[in-house]
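The structure under discussion appears below in the form of structure tokens.
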Amino acid sequence: MHPKQAPFRERCRRSHHRRGCRGPLPYLDGMGRLERWRRAAAARPTVVDALPAAVLFAASLLPVNPPGGPPRAPLTAGAVLLALVGSAALVVRRRHPLPVLGVVTVVAAAALLAQQARGPLVLTVALAAYTVATRTDRRTAVAAGAASALLLGACAVVALGVGWLDPAVVVLVLWFGVAVAAGDAVRSRRAYVAVLEERARRAEQTREAEARRRVTEERLRIARELHDVVAHHIALINVQAGVAGHVLRQQPDAAEEALGHVRSAARTVLDEMATLLGVLRRQEEPEPPTEPAPSLTRLDTLVDGFAAGQPVRWTLAGQPRPLPSAVDVAAYRIIQESLTNAHRHAPGAPVMVRLRYTPDGLTVEVRDQGAGAGSEPGTGLGLLGMRERAEAVGGAFHAGPHPDGGFVVRADLPAPQDEENA
1 MHPKQAPFRE RCRRSHHRRG CRGPLPYLDG MGRLERWRRA AAARPTVVDA
51 LPAAVLFAAS LLPVNPPGGP PRAPLTAGAV LLALVGSAAL VVRRRHPLPV
101 LGVVTVVAAA ALLAQQARGP LVLTVALAAY TVATRTDRRT AVAAGAASAL
151 LLGACAVVAL GVGWLDPAVV VLVLWFGVAV AAGDAVRSRR AYVAVLEERA
201 RRAEQTREAE ARRRVTEERL RIARELHDVV AHHIALINVQ AGVAGHVLRQ
251 QPDAAEEALG HVRSAARTVL DEMATLLGVL RRQEEPEPPT EPAPSLTRLD
301 TLVDGFAAGQ PVRWTLAGQP RPLPSAVDVA AYRIIQESLT NAHRHAPGAP
351 VMVRLRYTPD GLTVEVRDQG AGAGSEPGTG LGLLGMRERA EAVGGAFHAG
401 PHPDGGFVVR ADLPAPQDEE NA
């Protein structure tokens with residue numbers, strides 16, 4: 001099925017089911033079959049063109065007299081050769097339309113002059129003229145068709161000994177006019193359909209771009225509102241907290257009133273942030289997440305989940321301590337993504353996870369013993385995501401082949417001891 005038909009087919013199916021109907025849609029299935037046949041024919045144009053060529057060649061050999069006309073001349077080797085050349089040229093008419101028209105015109109002219117003309121030879125020239133009209137511009141098609149018609153008309157006048165207004169000559173010339181007109185109509189329709197499809201595609205892209213622009217503008221407006229609300233109430237909280245601290249000992253009632261204003265402003269800020277940030281969410285979550293938050297305290301569970309299909313060991317150096325939540329989550333996600341990459345690119349290879357706590361932070365290192373061809377440093381969405389997580393918390397990230405074999409991922413995340421419980 002052509003990609004541009006997918007939205008139309010899907011809309012038809014939804015409308016069909018909304019009306020309470022069940023089962024397949026015969027007309028859509030028929031469209032699908034026709035589209036498959038059309039694509040198969042477009043993929044093998046030479047085979048498709050060989051079929052009418054073979055039919056015309058076979059028809060030229062049949063000993064059938066045209067109704068109401070003179071009997072056919074006896075079949076000779078020359079007639080067979082001319083019919084074979086003219087029909088064979090049609091096999092490549094789509095790839096070389098003008099040369100094919102020239103070849104079949106010369107063959108038909110030679111057959112007329114040699115008194116070996118067979119009826120299907122005229123059809124081969126008409127089919128070639130039709131192909132020229134569908135594959136070239138109108139001026140070229142008319143010029144080529146007129147040249148072929150005049151040449152064959154002249155040959156018919158000479159061979160039959162009649163005038164240009166003889167019905168046989170007129171009909172012969174009219175064949176070219178009909179063929180060129182039909183081909184030009186088909187070419188114009190194809191061009192018109194292509195323009196409509198291109199306009200529809202651009203309109204769809206424009207609508208999507210406009211929708212994205214409006215969403216971005218709305219997010220910026222909401223962000224400005226959030227900034228104004230939070231800035232105002234934070235300033236109010238700061239002022240009231242200062243008042244409470246100043247009069248706490250001498251005027252406890254005034255201090256209590258100031259703290260009440262602080263609580264009210266803080267509640268307002270939280271409510272506004274919850275409302276506005278809810279609008280800014282990129283996707284809806286119909287149910288609140290029940291999975292525990294990512295943390296290195298769940299490292300055993302993470303390693304056990306991968307160890308079921310791949311040997312994974314982890315070691316710990318230094319004194320563990322509470323980490324800032326952002327660093328804790330970043331370390332967990334880096335280990336998780338590294339184990340996933342190892343499982344994908346080095347299945348069955350041993351994996352070593354090392355955690356080392358230092359006074360300045362945490363070092364995470366994950367190394368597999370595979371071939372080391374999983375990814376190169378800085379490429380792949382997984383490595384890019386890990387790098388961004390590390391740099392987002394002010395850390396450093398490295399990934400690449402290990403000198404002793406395998407692939408290693410290392411992240412140095414800052415978490416000074418004086419920032420514990422931050």
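Note that the sequence shown covers residues 1 to 422 in full-length UniProt numbering. Glycine included, each C-beta is placed from N, C-alpha and C at the ideal position.
Taking its Cβ as the centre, do 16 or more other Cβ atoms sit within 10 Å of E365, making it buried, or is it exposed?
buried
For A209, does the count of other Cβ atoms within 10 angstroms reach 16, so buried, or fall short, so exposed?
exposed
Does chain C have any CB closer than 7 Å to the CB of D166?
Among the chains in the structure shown there is no chain C, since it carries only a single protein chain.
Look at the alpha carbon of A331 and the alpha carbon of A411, and state the distance between them as a whole number of angstroms.
8 Å
Span separating the alpha-carbon of N421 from that of R201
In this predicted model, N421 has a pLDDT of only 43, less than 50, meaning its place in the structure is not dependable enough to derive any value.
Which of the three DSSP states is assigned to R410 in this structure?
strand
Opposite F397 in the DSSP bridges: which residues?
A411
Simplified DSSP state of G361, which is helix, strand or coil:
strand
Considering only DSSP beta bridges, list what L61 is partnered with.
The partner list for L61 (beta bridge, DSSP) is empty, contrary to what the question assumes.
Around the C-beta of Y130, are 16 or more other C-beta atoms found within 10 angstroms, so that it is buried, or is it exposed?
buried
Would you kindly work out how many angstroms separate the C-alpha atoms of L56 and V142, rounded to a whole number?
24 Å
Kindly confirm or deny that the stretch 146 to 158 and the stretch 82 to 94 touch, where touching means at least three C-beta pairs closer than 8 Å.
no
D368 - partner residues in DSSP beta bridges
V351 and F407
Runs of 3 residues minimum, wholly inside the stretch 298 to 329: which ones carry the beta strand (DSSP E) assignment?
312 to 317
Collapsed DSSP secondary structure at H402 in the structure displayed:
coil
Per DSSP, the bridge partner or partners of R356
A317 and T363
With distances taken between CB atoms, is the gap from D184 to R212 smaller than 7 Å?
no
D328 burial status per 10 Å Cβ neighbour count (16 or more: buried):
buried
From what residue to what residue does the alpha helix (DSSP H) around P99 run?
P97 to L113
Quick check on DSSP: helix, strand or coil for R139?
helix
Neighbourhood of P70 by C-beta distance below 7 Å, restricted to the same chain and skipping five residues each side:
Caution applies to P70, whose pLDDT of 45 falls short of 50 and renders its modelled position unreliable; the value that the coordinates give is listed next. Around P70: no qualifying Cβ.
Same chain, Cβ closer than 8 Å to Q240, neighbours up to 5 away in sequence not counted
A258, L259, H261, V262 and A265
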